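Student: To start, I am sharing the structure in question, which I have written as structure tokens.
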Amino acid sequence: MDRRDFGRKVAVTQGDGERMDDLEQVKSVTGKGRRKALWLSAAFVAVLAAGATGYKITLERGVEKHITARGGTVGSVHVDYLGRFHLRDVMLPLKDGLSAKIAGIDGRPKFLFLNAELEIANLSAELAGYKIAVPRASVEQPNFDRQTVAEIFANKSSLSLPERIQRFQANRIFVPEVAMTKIVEGNEDRIVYRNIALEDIRDGRVARYSSSNASLDMHVAEATEDGKTKNARINGSFGAMTGKDLDVGYAARLYTQAAGPQDKQAKALYGPLSIKDVTQTIGEGSFQYDELRSNGLSIRMPAEPLLDTLDMLRSVKNPDELPAAERNAFYMKVLSLPDMIGPGDIQLLGLKVKVPGKDSGKQIDLDVERTSLHLNGREVNASLNGISMEEGDDHFRLAEASVSGFSWHPTMEGLKQLLVLNEDQAQEFAYSALLPEFGTFRLAGLDVDLPSGSADVDEIAAVDDEAAAPSETTSEDEATAAPAIDAPDPSDSSRNSDVAVEGADAGPEVSAAPVDADKDSSAIDDGADAAADVAAAEIADAASDQASDPDAVDGAGDDALPQTALNDDAGEVQASETMSTDIASLVPQRVKFSLKSYEAALSKPYNGIPTDIRIVYEDLSVPMPADAKDEAFEHLRKLGYDKLTLSAGVEGHWDEAGKSFVIKDISLGGEGMGSVSLSGVLAGVSNDLFSADTIRMQTAALGVTARELKLRIEDKGLFDKALTLYARQNDMTAEQARGMLVLVGSTMLQQFVADQPKLQSVAGAASTFLGRAGTFTLSVKSKDAAGIGAIELMTASDDPAGFLERLDIEAKAE
1366 MDRRDFGRKV AVTQGDGERM DDLEQVKSVT GKGRRKALWL SAAFVAVLAA GATGYKITLE
1426 RGVEKHITAR GGTVGSVHVD YLGRFHLRDV MLPLKDGLSA KIAGIDGRPK FLFLNAELEI
1486 ANLSAELAGY KIAVPRASVE QPNFDRQTVA EIFANKSSLS LPERIQRFQA NRIFVPEVAM
1546 TKIVEGNEDR IVYRNIALED IRDGRVARYS SSNASLDMHV AEATEDGKTK NARINGSFGA
1606 MTGKDLDVGY AARLYTQAAG PQDKQAKALY GPLSIKDVTQ TIGEGSFQYD ELRSNGLSIR
1666 MPAEPLLDTL DMLRSVKNPD ELPAAERNAF YMKVLSLPDM IGPGDIQLLG LKVKVPGKDS
1726 GKQIDLDVER TSLHLNGREV NASLNGISME EGDDHFRLAE ASVSGFSWHP TMEGLKQLLV
1786 LNEDQAQEFA YSALLPEFGT FRLAGLDVDL PSGSADVDEI AAVDDEAAAP SETTSEDEAT
1846 AAPAIDAPDP SDSSRNSDVA VEGADAGPEV SAAPVDADKD SSAIDDGADA AADVAAAEIA
1906 DAASDQASDP DAVDGAGDDA LPQTALNDDA GEVQASETMS TDIASLVPQR VKFSLKSYEA
1966 ALSKPYNGIP TDIRIVYEDL SVPMPADAKD EAFEHLRKLG YDKLTLSAGV EGHWDEAGKS
2026 FVIKDISLGG EGMGSVSLSG VLAGVSNDLF SADTIRMQTA ALGVTARELK LRIEDKGLFD
2086 KALTLYARQN DMTAEQARGM LVLVGSTMLQ QFVADQPKLQ SVAGAASTFL GRAGTFTLSV
2146 KSKDAAGIGA IELMTASDDP AGFLERLDIE AKAE
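Here my numbering runs 1365 ahead of the position in the sequence shown, where the first position is 1.
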């Protein structure tokens, strides 16, 4: 071997030895570090284990103590080293001796980097008579740290119930099913909600909540045809329910707290809400609607906690038996409840109702496209749109029925005033002030086609038979009621002749007593009816005598009934039957009419009496069947009308400052006929006219005067149709008929105004209107701003010229 190679090997060997020494030194240092790290890790784990053990023991004792401190019980409490707790057989006491039982509660408070969680199994409770069962529920990421749990659940927490609710937060609460059952008279009612979810719960508010569907099975009392009731089942279901912005914290405030200085306005209790596909069946009937919808509801904080108010109201069985002060306080609390309501609404879309009809095999279908209710304190607005009710060929349709601006404000304020009055003061109270403000009621698109029913004909026939039947009178009544009509002797031809002549000229002679022409014509009618009754009674008596006397059949004896009387009696029976038949023929077989719109606005009440009035209807249309027997219909058909379409209106308002009432319009018009309208101003209309004192009201009425009146007549075809018909009936042309009408009318008008030059313009305009029917306008205005009173109008005939000088009269025809 080369010496040099040997030397190199020795050097390398020596170098490796040095490197080996360095490596051993490094290994020694590293081993010491690992041992330190290991001991540190072991110490950390030991600390954690000790902390977890302590936390476990503390939490177990704390949970059990917290439950038992509230009167509850728990079968077992177990907490693992990761902070998860497991409670079994938990009982929590509720109000009125009730309790909630939970088979298992599993969860974990927020611990280090671990989020809190909570799961509940088999919860059962009883509330408001319902047994509630929840098989499972879960809460995702609640803020259950130690401090929050203490603030929410601790007995010694200084937080109120609303504040505790506001402390709770969670991402989501999910309940797969909630079943509610109640036993009523041995029958079980059951409601089940499924897949309930509450999301984004912060500061006492639920941002979103939903339920996939629900079902119900309940028992109700159903009315029967004989007026009794029977037990019936309601089966129903709900589709998807969604809602937003449910403020649970504010709801707790409403029930447990009174309004504070900051609670001036109503606050939203819940936001938009929707429940779809609601269906229910009861017996043979059913109803459903596509959707229940709301934009939300706002509520005002009450002056006293709502729970206190409700408890007090429930505790009073008979308010009228309370002392006056307590009774008034009771009713004041009742009146305070509606004032809590702020803006809110509810809508039902696509309502469909089906019930059996009266006739076998028929069904009544009721559809309502939309039902809306809007509330704002004491004001109510409601509407029904798209109403349709049908049964076979019968139908009732209505495009709109609504009320707007209806307000209980006058009623509420009037009741508050009435409650503080004593009995004597209450007798002087204006009870008309309790009437609400009616607002505006509107109908539109009405179409009716229904059978008139046999009851209408039977009722009219019964009234007719009753009127035709002879009245029963005693002998004294017969002697004093009216002079008897002597039955004519068939053998006395001269007397028969006289009677015949008299009957032909004037009818039967009833009495020789003179008739006062100034008396109401009803007196003459009453006398005629009385005489007819007596005559019928005498004929009946004579017929009875003849039946009991055999000789009377052969015409023997002084009391024999004349044959003419028998003929008259038979004629009356036949006439009565004929009249009943005629009346039945007058009643239409079906009721048909339509209405474009109707509107009644009654507002600005004074002492409960509306002072702003508007009542109008447009295009009330009634068809006139070709076989109609009614005389008015027959005339209209002769004029060329196959239907009668009318429009009318009354509109006016009270000017309190000017003490006047403005008649904006009083009108009546017919399609293809024309119209008549009246407008004007009444003066001297003080607030006494709306007084609850009858004497003051009557006195004020005497002071009302007419300041200005305007009459407008417009022809749109009726005048020409009437002239054409008259001409056809009298074998002349329409122009000849018009010329004759103008001639006769002008002559009569000139005679009437001959001594009154101021009326010449009126007569000229009227003649022009008759000659070329268009529009006639007459305006009359008092020169005195005070107007013309009723007494002055009644005495105008004493001095017509002087009366006319007090007026500005203008007439024109166009």
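No residue lacks a Cβ here, since even glycine has one placed at the ideal position from N, Cα and C. Just so you know, these numbers come straight off a predicted model, no measurement behind them.
1) Buried or exposed: which applies to D1851, given that a residue is buried once 16 or more other Cβ atoms fall within 10 Å of its Cβ?
2) Quick one: using the 10 Å Cβ neighbour count with 16 as the cut-off for buried, is E2175 buried or exposed?
3) In angstroms, rounded to a whole number, what distance separates the CA positions of K1547 and G1494?
4) Can you give me the C-alpha to C-alpha distance between D1885 and V1718, rounded to a whole angstrom?
5) Using CA coordinates, which residue listed in A1764, G1707, D1759 is at the minimum distance from R1735?
6) Would T1594 count as contacting chain B if we go by Cβ distances under 8 Å?
7) Can you tell me where the alpha helix (DSSP H) holding F1803 begins and where it ends?
8) In three-state terms, what does DSSP make of T2098?
9) Whole angstroms is fine: what's the gap from L1731's alpha carbon to D1812's?
10) Along the alpha helix (DSSP H) that carries E1964, what are the first and last residues, could you check?
11) Let's see if you can read the secondary structure: which residues bound the beta strand (DSSP E) around V1585?
12) Assuming E2073 is part of the beta strand (DSSP E), what are its boundary residues?
13) Got a sec? Which residues, its chain only, sit under 6 Å from V2041 by beta carbon, not counting five neighbours each side?
14) Relative to the C-alpha of A1766, which residue among E1755, S1748, L1783, E1429 is closest?
15) Compare the Cα-Cα distances from A2065 to each of E2073, R2072, S2056 and report the closest residue.
16) Which residues in the same chain have their Cβ closer than 8 Å to the Cβ of K1593, if we skip the five residues on either side of it in sequence?
17) Look at F1958 and V1981 and say whether their C-beta atoms are less than 8 Å apart.
18) What are the start and end residues of each continuous beta strand (DSSP E) run of 3 or more residues lying completely inside the stretch 1680 to 1710, in chain order?
19) So what does E2179 bridge to, in DSSP terms?
20) What does DSSP give as the partner residues of F1476 in its beta bridges?
21) Keeping to the same chain, check which residues put their C-beta closer than 8 Å to that of N1693; ignore five residues upstream and five downstream.
22) Whole angstroms is fine: what's the gap from L1413's alpha carbon to A1498's?
23) With 16 other CB atoms within 10 Å as the buried threshold, where does A1535 fall?
24) A1544 and V1557 look like a contact to me (Cβ under 8 Å); what is the Cβ gap, rounded to whole Å?
25) Taking A1798 as the reference, which of H1774, G1810, L2158 has the closest Cα?
26) If you draw a straight line from the C-alpha of V1585 to the C-alpha of I1729, how long is it?
27) So R1501 is in the beta strand (DSSP E); what residue range does that whole segment cover?
28) Looking at the strands, I want to know which residues DSSP matches up with P1988.
29) Between which two residues does the beta strand (DSSP E) carrying P1541 extend?
30) Is the separation between the beta-carbon of G1625 and that of I1530 shorter than 8 Å?
31) Beta-carbon within less than 6 Å of D1891's beta-carbon, same chain only, minus the 5 sequence neighbours each way: which residues are those?
32) Based on the DSSP secondary-structure assignment, which residues constitute the bridge partners of A1747?
33) State the start and end residues of the unbroken beta strand (DSSP E) segment that holds V1785.
34) Between which residues of its own chain and A2087 is the CB-CB distance below 7 Å, once the five residues before and five after are set aside?
35) Count Cβ pairs between the stretch 1504 to 1513 and the stretch 1451 to 1465 that sit closer than 8 Å; are there 3 or more?
36) Give the single residue among Q2101, L1638, P1688 whose Cα lies nearest to the Cα of Q1712.
Tutor: In brief:
1) A caution first: D1851 carries a pLDDT of 44, below 50, which makes its placement in the model unreliable, though a value can still be read off. Exposed, since its Cβ has fewer than 16 Cβ neighbours within 10 Å.
2) exposed
3) 6 Å
4) Because D1885 sits at a pLDDT of 41, beneath the cut-off of 50, its placement in the model cannot be relied upon, and the point is left open.
5) A1764
6) You won't find chain B in this structure, because it holds only one protein chain.
7) Neither: F1803 is in no alpha helix (DSSP H) and is coded neither H nor E.
8) coil
9) 14 Å
10) No alpha helix (DSSP H) holds E1964; the beta strand (DSSP E) holding it covers 1955 to 1971.
11) 1578 to 1588
12) 2070 to 2080
13) L2033, I2078
14) S1748
15) S2056
16) none
17) no
18) none
19) Answer is none; E2179 lacks a bridge partner.
20) L1479
21) L1784, V1785
22) Its pLDDT being 43, under 50, L1413 is placed unreliably in this model, and the value from its coordinates should be taken loosely. L1413 and A1498: Cα-Cα distance of roughly 40 Å.
23) buried
24) 5 Å
25) H1774
26) 22 Å
27) 1495 to 1505
28) K2008
29) 1535 to 1549
30) no
31) Residue confidence for D1891 is low, a pLDDT of 44 falling below 50, so the modelled location carries little weight; the figure read from the coordinates is stated next. Within the same chain, D1891 has no close Cβ partners at all.
32) L1738, V1768
33) It is not in any beta strand (DSSP E) - V1785 carries neither H nor E in the DSSP assignment.
34) L2004
35) no
36) L1638
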